[in-house]
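Protein chains: 2
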Amino acid sequence: MACIDEILNDSTSGSTELAVRIFHFFAESGLTIGELRKASERINSRFTGMALIRNVTSLSLKMAEDHSFYDIPAIIERQNEAVAGIAAEHIKERKIVTISNSSMVYDALVSMRDLEEVTVLESRPRNEGSIMASRLRDRGIRVRITTDASMCIAVRSCGTVIIGSDSILSDGTVINKTGSMPLALCSSYSGKKFIVLSTEMKIEKNYSPGNYPELVSHDPGEISGDLDAINYYFEMVPPDLVSEYILNSGIKKGWK
Amino acid sequence: MACIDEILNDSTSGSTELAVRIFHFFAESGLTIGELRKASERINSRFTGMALIRNVTSLSLKMAEDHSFYDIPAIIERQNEAVAGIAAEHIKERKIVTISNSSMVYDALVSMRDLEEVTVLESRPRNEGSIMASRLRDRGIRVRITTDASMCIAVRSCGTVIIGSDSILSDGTVINKTGSMPLALCSSYSGKKFIVLSTEMKIEKNYSPGNYPELVSHDPGEISGDLDAINYYFEMVPPDLVSEYILNSGIKKGWK
Numbered sequence: 011m012a013c014i015d016e017i018l019n020d021s022t023s024g025s026t027e028l029a030v031r032i033f034h035f036f037a038e039s040g041l042t043i044g045e046l047r048k049a050s051e052r053i054n055s056r057f058t059g060m061a062l063i064r065n066v067t068s069l070s071l072k073m074a075e076d077h078s079f080y081d082i083p084a085i086i087e088r089q090n091e092a093v094a095g096i097a098a099e100h101i102k103e104r105k106i107v108t109i110s111n112s113s114m115v116y117d118a119l120v121s122m123r124d125l126e127e128v129t130v131l132e133s134r135p136r137n138e139g140s141i142m143a144s145r146l147r148d149r150g151i152r153v154r155i156t157t158d159a160s161m162c163i164a165v166r167s168c169g170t171v172i173i174g175s176d177s178i179l180s181d182g183t184v185i186n187k188t189g190s191m192p193l194a195l196c197s198s199y200s201g202k203k204f205i206v207l208s209t210e211m212k213i214e215k216n217y218s219p220g221n222y223p224e225l226v227s228h229d230p231g232e233i234s235g236d237l238d239a240i241n242y243y244f245e246m247v248p249p250d251l252v253s254e255y256i257l258n259s260g261i262k263k264g265w266k
Numbered sequence: 011m012a013c014i015d016e017i018l019n020d021s022t023s024g025s026t027e028l029a030v031r032i033f034h035f036f037a038e039s040g041l042t043i044g045e046l047r048k049a050s051e052r053i054n055s056r057f058t059g060m061a062l063i064r065n066v067t068s069l070s071l072k073m074a075e076d077h078s079f080y081d082i083p084a085i086i087e088r089q090n091e092a093v094a095g096i097a098a099e100h101i102k103e104r105k106i107v108t109i110s111n112s113s114m115v116y117d118a119l120v121s122m123r124d125l126e127e128v129t130v131l132e133s134r135p136r137n138e139g140s141i142m143a144s145r146l147r148d149r150g151i152r153v154r155i156t157t158d159a160s161m162c163i164a165v166r167s168c169g170t171v172i173i174g175s176d177s178i179l180s181d182g183t184v185i186n187k188t189g190s191m192p193l194a195l196c197s198s199y200s201g202k203k204f205i206v207l208s209t210e211m212k213i214e215k216n217y218s219p220g221n222y223p224e225l226v227s228h229d230p231g232e233i234s235g236d237l238d239a240i241n242y243y244f245e246m247v248p249p250d251l252v253s254e255y256i257l258n259s260g261i262k263k264g265w266k
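Read top to bottom, the protein sequences are chains A and B. Residue numbering for the first sequence follows my numbering, starting at 11 and increasing by one per position. Residue numbering for the second sequence follows my numbering, starting at 11 and increasing by one per position.
Following this line, the structure appears as structure tokens:
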């Protein structure tokens with residue numbers, strides 16, 4: 011079982027992986043309700059940007075409080091599988107660009123037949139895109155990696171852009187890995203679809219960009235040595251840049 | 011004096027610095043006209059994307075052929091100084107975002123009074139932005155570095171975006187460091203000016219995007235280890251995304 015510090019210091023896992031670890035931490039920690047509430051607050055404020063984490067800590071606290079039971083890993087897995095299945099069925103383009111290391115995007119891509127090529131943005135500063143690219147190559151998919159700076163060049167040569175999501179706000183705003191916003195703009199400029207994969211568990215019904223907690227700024231030293239730096243892991247993409255949302259419950263047209 | 015291989019292998023110097031080294035190579039190499047012509051072809055095809063290099067090799071060959079004399083470093087310096095002066099006078103915003111390590115942008119920024127802050131994109135894969143940020147800090151300017159992926163976050167918090175240029179084509183298309191195109195899109199989306207600094211020596215009168223030589227693709231290993239990669243150092247920004255061109259001859263309104 012992960013200890014809370016291990017969870018708080020994790021800056022490379024995707025939200026699905028993190029959510030499962032957090033669920034196990036809550037289910038097996040032996041902490042009191044009061045202690046779990048405090049742990050939940052620390053986790054939520056560390057991972058603002060990830061609706062799944064907020065939903066998992068909330069369900070886990072509810073389980074601890076009223077002795078209910080939710081098989082959270084199974085719920086997450088079922089929802090992710092549904093999204094991957096719908097995406098693989100629905101998306102017809104065979105040259106894809108993506109960013110970061112989304113488990114939903116990975117599952118969708120390995121389910122798609124006759125993919126020609128996937129181009130993954132490296133996704134600085136943690137380079138999760140390189141992990142994604144290696145995983146896809148290991149499944150026999152032809153893959154290219156590229157700098158985030160090259161995103162418009164990548165988009166111009168692809169059929170469609172697919173990204174995962176950490177949260178979908180009530181107005182359709184997507185919160186995802188930083189770089190998603192310029193990637194959406196490149197897609198829009200090039201006339202390529204910008205498709206967002208998400209699940210019901212990642213929807214933040216009570217939040218819009220106006221009341222959303224401020225996104226966390228990370229250690230400048232990760233980017234810059236001794237220079238001051240901007241280092242947000244997540245950013246918002248407004249709904250008018252989204253072509254389609256693919257959810258476990260089905261496809262929703264975007265505003266683009 | 012640099013030897014030709016040192017010049018061909020240089021992938022971090024800006025075009026101004028490279029142009030001066032190439033001029034000295036031509037002026038002092040002791041090669042025959044035929045050898046200089048071949049050297050010129052190799053240099054031009056290595057540095058497609060940099061109009062200044064093409065103009066300098068062409069002027070240097072002319073000097074060798076007809077015993078004329080151009081003090082190329084002085085011409086470049088005069089034009090750069092004029093641009094920096096006009097830019098420093100003209101640009102009123104005090105929070106600037108830029109990319110890469112343009113000597114013209116550097117000269118303009120250090121000439122501007124009361125700058126509040128400059129944010130520099132790191133400019134992968136060679137990270138020239140980090141060099142620029144350190145140089146600006148050494149001149150007492152408050153500076154932040156950021157990943158290329160964070161460009162929209164950076165633009166949202168700035169007053170204007172200023173970039174240098176490696177070439178300006180006949181229709182106003184700008185060739186500059188990869189990342190300039192998504193940066194232009196972020197500027198446009200955020201309603202911030204996108205200002206391009208350039209000189210007469212960087213104008214390619216005979217080229218438009220339609221007949222421009224294919225931009226050079228660089229070693230994938232620089233980005234990806236053993237994965238295939240997209241690695242272009244330069245990309246084109248169409249004129250409809252440019253707010254203003256600041257040239258040594260004056261300011262020209264863009265199409266944006």
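All C-beta atoms in this analysis are idealised placements derived from N, C-alpha and C, irrespective of residue type, glycine included.
- Here A/K187 is buried. Its C-beta has 16 or more other C-beta atoms within 10 Å.
- Taking 8 Å as the CB threshold, B/G189 lines the interface with chain A.
- When DSSP reads this structure, B/F204 sits in a beta bridge with B/V171.
- Cβ-Cβ distances below 6 Å link A/S198 to L251 in the same chain, with the five nearest sequence neighbours on each side left out; the list follows chain order.
- Counting the other Cβ atoms within 10 Å of the Cβ of B/C168 gives 16 or more, which makes it buried.
- Going by beta carbons, B/Y243 and B/L179 fall outside the 8 Å limit.
- Distance from the Cα of B/V153 is smallest, within the candidate group A/H34, A/S234, A/L69 and A/I256, for A/S234.
- A direct Cα-Cα distance of roughly 54 Å separates A/G24 from B/I82.
- Only residues of its own chain outside the window of five on either side were considered, and among them F36, S39, S70, L71 and A74 have a CB closer than 8 Å to the CB of B/L46, listed in chain order.
- In this structure, A/I63 lies near A/I53, with their beta-carbon atoms less than 8 Å apart.
- Checking the DSSP bridge columns, you'll see A/M246 partnered with A/I185.
- In the three-state scheme derived from DSSP, where H, G and I count as helix and E and B as strand, A/E38 is classed as helix.
- The beta carbon of B/A239 is closer than 6 Å to those of P230 and I233 in its chain, skipping five residues each way along the sequence.
- At the C-beta level, A/E27 and A/S113 come within 8 Å of one another.
- Counting every other CB atom within 10 Å of its CB across the protein chains shown gives A/G59 a total of 16 or more, marking it as buried.
- Burial of A/S50 is indicated by the presence of at least 16 other C-beta atoms within 10 angstroms of its C-beta.
- At a cut-off of 8 Å between C-beta atoms, A/Y242 counts as an interface residue with respect to chain B.
- Listed along chain B, no residue sits closer than 9 Å to A/T170 by beta-carbon distance, the nearest being about 17 Å off.
- Taking A/C196 as the centre and dropping the five residues before and after it, the same chain places the C-beta of M161, C162 and V165 closer than 7 Å to its C-beta, in chain order.
- A distance below 6 Å between beta-carbons, with the five flanking residues on each side excluded, links B/K262 to the following residues of its chain, in chain order: Y255.
- From the listed residues B/N137, B/Y80 and B/K212, the smallest Cα separation to B/T108 is found for B/N137.
- At a C-beta separation below 8 Å, A/L237 has these neighbours in chain B: S140, A143, S144, R147, V153, R154 and I155.
- For A/T129, the nearest beta carbon of chain B is closer than 8 Å to its own beta carbon.
- One thing to note: A/A194 has its Cβ no nearer than 8 Å to the Cβ of B/R134.
- Cβ neighbours of B/L119 within its own chain (closer than 7 Å, five residues either side excluded): I106, L125, V128, L146 and I151.
- Spatial neighbours of B/F33 in its own chain (CB-CB distance under 7 Å, excluding positions within 5 residues in sequence) are listed in chain order as V66, S70, I82 and P83.
- A straight-line Cα-Cα distance of about 15 Å links A/M191 and A/N241.
- Taking A/M246 as reference, the option from A/I96, A/E103 and A/V226 with the minimal CA-CA separation is A/V226.
- Sequence-ordered contacts of the stretch 194-208 of chain A with chain B read L195, C196 and Y199 [C-beta pairs closer than 7 Å].
- DSSP, reduced to helix, strand and coil, places B/R154 within a strand of the structure shown.
- A/F204 is classed as buried because its beta carbon has at least 16 other beta carbons within 10 Å across all chains shown.
- Scanning chain A for C-beta atoms nearer than 9 Å to the C-beta of B/E245 yields A159, S160, C162 and I163, reported in chain order.
- The Cβ-Cβ distance between B/N258 and B/V115 does not fall below 8 Å.
- A residue is called buried once 16 or more other Cβ atoms fall within 10 Å of its Cβ, and A/S68, having fewer, is exposed.
- Chain B places a beta carbon closer than 8 Å to that of A/S133, counting this residue as a contact.
- For A/P219, the closest Cβ of chain B is not nearer than 8 Å.
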